[in-house]
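Q: Provided herewith is a single structure, encoded as structure tokens, for subsequent inquiry.
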Amino acid sequence: MRLVQINLILLTVLFASSCASSREMASTEPANPLLGIWGYAIDTPDGIFTGGLHINEGESGLSIGLTEEGQPEGSGQLMADEISFDEEAQTLSFSFIHDDYGKMVVNMVLGEEGMAGTLRVTQFGVDVPITATRAEE
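Here is the structure:
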């Protein structure tokens with residue numbers, strides 16, 4: 002009789018712990034595939050411009066900082082505005098203000114090899130290709 006009680010208690014504990022762990026697993030959302038550091042390349046008539054996209058997620062949503070290669074040390078990041086990510090379509094859109102070229106609007110599609118799309122220089126009404134690949138850690 003005592004062995005039956007011990008087995009019953011053990012089964013109850015195992016059942017309760019498996020329910021708790023499955024609830025934890027069910028509530029864990031997959032990580033946003035955009036998060037991290039990306040290297041970008043913008044193909045313009047004046048040449049290819051490269052830099053980094055630093056994509057983070059906070060309480061208020063996504064934040065994106067852009068750095069440009071070849072800029073003086075300590076020049077900081079350009080911070081993106083109007084950020085949106087459509088998870089179903091896997092599209093990322095954002096804008097930022099560049100000191101020399103004004104407002105720029107980026108629209109990219111996330112694929113297996115990285116992101117690709119266009120950067121619109123609104124001041125000139127010109128669209129140029131932009132690509133981004135995840136930076137190696």
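If you use the working numbering, the sequence shown closes out at 138, no skipped numbers anywhere.
Beta carbons are placed, not taken as given, at the ideal position from N, Cα and C, and that holds for glycine.
Which value, in whole angstroms, describes the spacing of the CA atoms of G48 and E114?
A: By 1-based counting over the sequence shown, the position of residue 48 is 47. By 1-based counting over the sequence shown, the position of residue 114 is 113. Their Cα atoms are separated by approximately 23 Å.
Q: Taking the beta carbon of G52 as the centre, do at least 16 other beta carbons fall within 10 Å, making it buried, or is it exposed?
A: Start at 1 with the first residue of the sequence shown, and residue 52 comes out as number 51. Flag for G52 reads buried.
Q: Let's test the definition: count the other Cβ atoms within 10 Å of the Cβ of A32 and tell me whether it reaches 16, buried, or not, exposed.
A: If you number the sequence shown from 1, residue 32 lands on position 31. It is exposed - the Cβ of A32 has fewer than 16 other Cβ atoms within 10 Å.
Q: Quick check on this structure: which residue in D87, I38, G71 has the alpha carbon closest to the alpha carbon of F50?
A: As a position in the sequence shown, residue 50 is number 49, starting the count at 1. Cα-wise, what sits closest to F50 is G71.
Q: Compare the Cα-Cα distances from G112 to each of P46, G77, A90 and report the closest residue.
A: What you label residue 112 is simply residue 111 of the sequence shown in a count that begins at 1. If we check each option's Cα against that of G112, A90 comes out closest.
Q: Below 8 Å on the Cβ atoms is my guess for A117 versus M109; work out the distance and round it to an integer in Å.
A: Numbered from 1 along the sequence shown, position 116 holds the residue referred to as residue 117. Numbered from 1 along the sequence shown, position 108 holds the residue referred to as residue 109. That belief holds up - the Cβ atoms of A117 and M109 are roughly 6 Å apart, short of 8 Å.
Q: Consult DSSP for N33 and reduce its assignment to one of helix, strand or coil.
A: Indexing the sequence shown from 1 puts residue 33 at position 32. In this structure, N33 counts as coil in the three-state DSSP scheme.
Q: Would you list, in sequence order, the uninterrupted beta strand (DSSP E) runs of no fewer than 3 residues that lie entirely inside the stretch 80 to 119?
A: Within the stretch 80 to 119, the complete beta strand (DSSP E) runs of at least 3 residues are 82 to 87, 92 to 99, 103 to 112.
Q: Bridge partners for T134 per DSSP, in chain order?
A: The residue labelled residue 134 in the question sits at position 133 within the sequence shown. For T134, which the question treats as bridged, DSSP gives the partners G40.
Q: Pick helix, strand or coil for S22, following the three-state DSSP scheme.
A: What you label residue 22 is simply residue 21 of the sequence shown in a count that begins at 1. Its pLDDT being 48, under 50, S22 is placed unreliably in this model, and the value from its coordinates should be taken loosely. If DSSP states are grouped into helix, strand and coil, S22 belongs with the helices.
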